[in-house]
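Worksheet: one structure, shown below.
Structure follows, in structure tokens:
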């Protein structure tokens, strides 16, 4: 019985460590890119008002799509939903990069990014809740916050 508990504890800690590592890489990459998105949009001709509406639409869609993302996560799994967010994120970056060439409406990259964020964060929070130790959850949340702050400042 004791070895079974230790095996599960190791697997939970390993899973949480992998989550921390993937979150650190994601945070670092986003900190390198996201700071330039508003500047890029203004530089290619969008007004500050357009840029504000763009970011508002992203957050609004993220909030609206959280429930459908959770339902999808229940069907296909929380890790799969996090992985599924990546192709949408890549398409978002490609559309964002080709805005001047193809004249995409600004709501298209906003929809893509809001969808990607909703899928990722729903899966992330479920994963985090499942694999963080209930008795030490505040330490785990603190670790995530430190990773966020550190990798945002590095990026």
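Residue numbers (the numbering used here): 1 to 155.
Positions of the beta carbon are idealized from the N, C-alpha and C atoms, including for glycine.
query: Contact belief for residue 120 with residue 73 at Cβ below 8 Å, rounded distance in angstroms; result: Not a contact, Cβ separation roughly 11 Å.
query: Outcome for residue 102 when other beta-carbon atoms lying within 10 angstroms are tallied against a minimum of 16; result: exposed
query: Where the alpha helix (DSSP H) through residue 98 begins and ends; result: No alpha helix (DSSP H) contains residue 98, which DSSP labels as neither H nor E.
query: Three CB pairs or more closer than 8 Å across the segment 52–63 and the segment 74–93; result: no
query: Contact set for residue 129: own chain, Cβ-Cβ below 6 Å, skip 5 residues either direction; result: none
query: Pair within 8 Å by beta-carbon distance, residue 42 and residue 51; result: yes
query: C-alpha distance - residue 44 paired with residue 37, whole-angstrom precision; result: 11 Å
query: Inter-residue spacing [alpha-carbon to alpha-carbon] between residue 147 and residue 82; result: 19 Å
query: Alpha helix (DSSP H) runs wholly inside the segment 23–47, at least 4 long, in chain order; result: 37–43
query: Assumed close pair residue 110, residue 54 - CB separation to whole angstroms, cut-off 8 Å; result: 5 Å
query: Nearest to residue 113 (by Cα), restricted to the options 139, 126, 95; result: 95
query: Spatially closest choice to residue 117 from 97, 150, 30, 154, by CA coordinates; result: 30
query: Which listed residue (79, 105, 107, 35) has its alpha carbon closest to that of residue 122; result: 79
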